[in-house]
Amino acid sequence: MFSLTLTLIVIGMIKCEQCIVKQFNALKSLEKDDLIRISGCKTSKFIKKGETLFREGESINGVYCIKEGVCKLIKLSANGKDQIVKLVVRGDLLGQRSLVTDEKSNLTAIAVNEMEICFIPKSEILNDLSKNANFSLDMLQDMAKELRIADNVIVDMAQKSVKQRLADVLVYLNTTFDNDEKGYLGVTLSREDYANLVGTATESAIRILSQFKKEGYISTTGKQIKILDLEGLKRIE
């Protein structure tokens, strides 16, 4: 308990103007004085694996900056099945759309592994949006990028097979996350998560991953996956 408390204090001491993570998102456009101001009102904390940051239908009232870790954004379909819309990684901001439109969250965010996050209140972000054109432009570009990704997901769902989509997910994970010392993917997902990412039944995802393993594209140890033939995965049709 003492160790966790001490860690939280240390995280809280890291100032926004000193944090390297800001280089990965729109916060890089803020002036030093603005970052100092934000540091004074942000809250920083750890999120445990499986813990919920916010739920669909909740008011977020601010922006989350992901300092470490990964979370999945989930949409609950009409039939009660989860669809993973996106994986949010280190350096990403969460909550911009709800903040700008003043709408409640359309998604649920759940930690895939242990996370470190900072929460910046809505009033501070709106203040910077109103007076900093570069910051506003970067925020708009980030949201435009998200829309482009969403468009690609819709097309992939319509035109690609489940096998292709699962291969694409493995390529994405290999490209986005550093592998561990044994060469396994840097983020460990459950077979259900893989199924929810590509929009299929868990049994289908398990069967396709087993096929990839048999054909020499991957190897597995428990939930961990190691990419053996990246180019081969890219060629799957």
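Quick note: the sequence shown uses my numbering, first residue 1, plus one each step. Every residue, glycine too, gets a C-beta built ideally from N, C-alpha and C.
Contact check, residue i vs residue j, beta carbons under 8 Å
{"i": "residue 194", "j": "residue 205", "result": "yes"}
{"i": "residue 93", "j": "residue 25", "result": "yes"}
{"i": "residue 220", "j": "residue 214", "result": "no"}
{"i": "residue 29", "j": "residue 138", "result": "yes"}
{"i": "residue 175", "j": "residue 224", "result": "no"}
{"i": "residue 233", "j": "residue 170", "result": "yes"}
{"i": "residue 142", "j": "residue 96", "result": "yes"}
{"i": "residue 56", "j": "residue 108", "result": "yes"}
{"i": "residue 66", "j": "residue 99", "result": "no"}
{"i": "residue 166", "j": "residue 198", "result": "yes"}
{"i": "residue 202", "j": "residue 192", "result": "yes"}
Nearest to residue i (by Cα), restricted to the options the options
{"i": "residue 37", "options": "224, 169, 214 and 123", "result": "123"}
{"i": "residue 74", "options": "61, 183, 50 and 228", "result": "50"}
{"i": "residue 82", "options": "35, 182, 110 and 101", "result": "110"}
{"i": "residue 173", "options": "230, 134 and 140", "result": "230"}
{"i": "residue 105", "options": "61, 133, 71 and 112", "result": "61"}
{"i": "residue 162", "options": "147, 196, 180 and 149", "result": "196"}
{"i": "residue 114", "options": "45, 192 and 181", "result": "45"}
{"i": "residue 31", "options": "88, 118, 132 and 119", "result": "132"}
{"i": "residue 179", "options": "140, 160, 27 and 226", "result": "226"}
{"i": "residue 151", "options": "86, 190, 208 and 33", "result": "86"}
{"i": "residue 159", "options": "27, 237, 33 and 54", "result": "237"}
{"i": "residue 112", "options": "118, 84 and 103", "result": "84"}
{"i": "residue 190", "options": "90, 222 and 208", "result": "222"}
Residue environment, residue i, which counts as buried when at least 16 other CB atoms sit within 10 Å
{"i": "residue 5", "result": "The pLDDT assigned to residue 5 is 39, lower than 50, so where the model puts this residue is not dependable, and the model offers no usable value."}
{"i": "residue 69", "result": "buried"}
{"i": "residue 157", "result": "exposed"}
{"i": "residue 47", "result": "buried"}
{"i": "residue 211", "result": "exposed"}
{"i": "residue 64", "result": "buried"}
{"i": "residue 116", "result": "buried"}
{"i": "residue 43", "result": "exposed"}
{"i": "residue 130", "result": "exposed"}
{"i": "residue 59", "result": "exposed"}
{"i": "residue 41", "result": "exposed"}
{"i": "residue 155", "result": "exposed"}
{"i": "residue 235", "result": "exposed"}
{"i": "residue 120", "result": "buried"}
{"i": "residue 39", "result": "buried"}
{"i": "residue 149", "result": "exposed"}
{"i": "residue 35", "result": "buried"}
{"i": "residue 147", "result": "exposed"}
{"i": "residue 72", "result": "buried"}
DSSP-derived helix/strand/coil call for residue i
{"i": "residue 228", "result": "coil"}
{"i": "residue 128", "result": "helix"}
{"i": "residue 2", "result": "Confidence in residue 2 is poor, its pLDDT being 35 and thus under 50, which makes the residue's placement too unreliable to answer from."}
{"i": "residue 176", "result": "helix"}
{"i": "residue 219", "result": "strand"}
{"i": "residue 206", "result": "helix"}
{"i": "residue 188", "result": "coil"}
{"i": "residue 94", "result": "strand"}
{"i": "residue 214", "result": "helix"}
{"i": "residue 306", "result": "With the chain represented from 1 up to 237, any question about residue 306 goes unanswered, as that position is not in the structure."}
{"i": "residue 235", "result": "coil"}
{"i": "residue 82", "result": "strand"}
{"i": "residue 171", "result": "helix"}
Test: residue i CB closer than 8 Å to a CB of chain B
{"i": "residue 225", "result": "As a matter of chain content, chain B is missing from the structure shown, which is built from one protein chain."}
Which runs of the alpha helix (DSSP H) at least 4 residues long sit entirely within the segment 27-72? Give them in chain order. 32-41
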